[in-house]
Amino acid sequence: MTGEQVAFWILAPIAVLGAILMVGSKKAVHSALWLAATMISLAFLYIAQGAVFLGIVQIVVYTGAIMMLFLFVLMLVGVDASDSLVETLRGQRVAGVLLGLGLGVLMVLGLGQASLGDTAGLDAANAAAGSNLQGLAQEMFTRYVFAFEVVSVLLITAAVGAMVLTHRERLEPRPSQRELSERRFLDGPYPGPLPPPGVYARHNAVDTPALLPDGSVAEESVPLVLRVRGDARHPTPEATSEVAGELTRGEDA
Amino acid sequence: MNPDAYLAVSAMLFAIGATGVLLRRNAIVVFMCVELMLNACNLAFVSFSRLNGNLEGQTVAFFVMVVAAAEVVVGLAIIVQIFRTRRSASVDDANLLRH
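Protein chains in written order, with our numbering: chain A, 26 to 278; chain B, 12 to 110.
See the structure below:
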């Protein structure tokens, strides 16, 4: 086996497995990570085929920029927004899997029927230009220079479009510090800052609520996100009464 | 090495991506599946470029990457905007355009 075959038989299963797990994972963040794995193995497959520049661009642009954008939007939209598992169209899942399988089988069988001839290899093409990068540059800036310019226009349009789409006009003036302060005293039952989370010997974390002087738990001391997700710790009554006892003993001494 | 194996992987990735577009509800995951299909096409382009011994396939694959980047930027901006108005990124909820 040549080195390329070894690389292929390691990378191709990773790519296909990552793709399947991307479609299969329930959480969108997991999907994004599996897609990143697939894209990195594809980058190495490009490099193994002599497309060195494309392999590097694949890692920089796809796994670097595009996957970062995906994860950024996922965080913006809310990581908890997992897929609903309710089927709105009956039998859609079975039909989708069957169609996908059919498409895959059709394409693989079609490729098996095609006679592709001998591989010419890229060595001659690369050597004619000097290297793979120089060869690509020659193609891009001579034959495809018009497409290159059009694509640059497309990129600028996309950037402007993203700015226009995500821009929001402020409908009312920004409240001043005085107005915010007055609103806090008028609405809220508790105008001061919220208590910080508890710090114990074993749990030095923001998910542990602080204890009030009488040993009861101050729920507001845990960040709202953790409380909503149900990740806040709840100290047992024994522990809280113990701490309260120690506090009173300390005051006595 | 024969390009058949690479083309088979490319076809499988494309089919998996198409299945994901059909199955998933989360608009972001649907977008990821579209990206996977574009990547599968790129792999086929690179394989054919090597089979034919010229660099045009790689040039086209490069252009595909650029267009994919532009598509992701606009698509994710639309998803963010839909999420702001609907509080949901599910493709089932964005149905106000129908008759």
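In this text, a Cβ means the ideal position worked out from N, Cα and C, and glycines have one as well.
Given the structure is predicted, the values throughout are model-derived calculations rather than measurements.
- By the CB criterion at 7 Å, Leu-66 (chain B) and Pro-14 (chain B) fall outside the cutoff.
- In the pairwise beta carbon analysis, the stretch 42-62 of chain B is classified as not touching the stretch 158-169 of chain A: fewer than three pairs are separated by under 8 Å.
- Taking C-beta atoms as the reference points, Pro-238 (chain A) and Gly-223 (chain A) fail to come closer than 7 Å.
- Secondary structure note for Asn-63 (chain B): its alpha helix (DSSP H) is the uninterrupted segment 38-63.
- Rounded to the nearest angstrom, the Cβ distance from Ile-90 (chain B) to Ala-38 (chain B) is 5 Å, consistent with a contact under 8 Å.
- At least 7 Å separates the beta-carbon of Leu-49 (chain B) from that of Gly-121 (chain A).
- In the structure shown, Val-242 (chain A) falls within a strand segment according to DSSP collapsed to helix, strand and coil.
- At a Cβ-Cβ threshold of 7 Å, Leu-47 (chain B) and Leu-136 (chain A) do not count as neighbours.
- For Phe-25 (chain B), the enclosing alpha helix (DSSP H) starts and ends at 14-34.
- Interface annotation, Ile-72 (chain A): not in contact with chain B, CB-CB separation never under 7 Å.
- Between Ala-243 (chain A) and Pro-216 (chain A), the C-beta gap is not smaller than 7 Å, which leaves the two residues out of contact.
- Not a single CB atom of chain B sits nearer than 7 Å to the CB of Thr-167 (chain A).
- The bridge partners DSSP lists for Ala-235 (chain A) are A:Ala-243.
- Beta bridge pairing from DSSP links Ser-101 (chain B) with B:Asn-37.
- At least one CB of chain B lies nearer than 7 Å to the CB of Ala-76 (chain A).
- Contact between Phe-59 (chain B) and Gly-68 (chain B) holds, with the beta-carbon distance rounding to 5 Å and staying under 8 Å.
- Only residues of its own chain outside the window of five on either side were considered, and among them Val-41, Cys-44, Val-45, Met-48 have a CB closer than 8 Å to the CB of Val-32 (chain B), listed in chain order.
- Counting C-beta pairs closer than 8 Å gives three or more between the stretch 48-65 of chain A and the stretch 81-92 of chain A, which meets the contact rule.
- Approximately 3 Å separates the beta-carbon atoms of Ala-154 (chain A) and Gly-160 (chain A); this is inside 8 Å, confirming the contact.
- For the stretch 86-106 of chain B, the beta-carbon criterion of a distance under 8 Å to any beta-carbon of chain A is satisfied by Leu-87, Ala-88, Ile-89, Ile-90, Val-91, Gln-92, Phe-94, Arg-95, Ser-99, Ala-100, Ser-101, Asp-103.
- Close to Val-45 (chain B), with beta-carbon spacing below 7 Å, lies no residue of chain A; the smallest spacing is near 11 Å.
- With contacts defined as CB atoms closer than 7 Å, Ala-81 (chain B) and Leu-179 (chain A) qualify as a contacting pair.
- Contact of Val-57 (chain B) with chain A by beta-carbon distance below 7 Å involves Tyr-71, Gln-74, Ala-76, Leu-79.
- Of the residues A:Leu-124, A:Pro-218, A:Glu-263, the one whose Cα lies closest to the Cα of Glu-245 (chain A) is A:Pro-218.
- The C-beta separation of Met-12 (chain B) from Glu-174 (chain A) comes to about 36 Å, leaving the pair out of contact by the 8 Å criterion.
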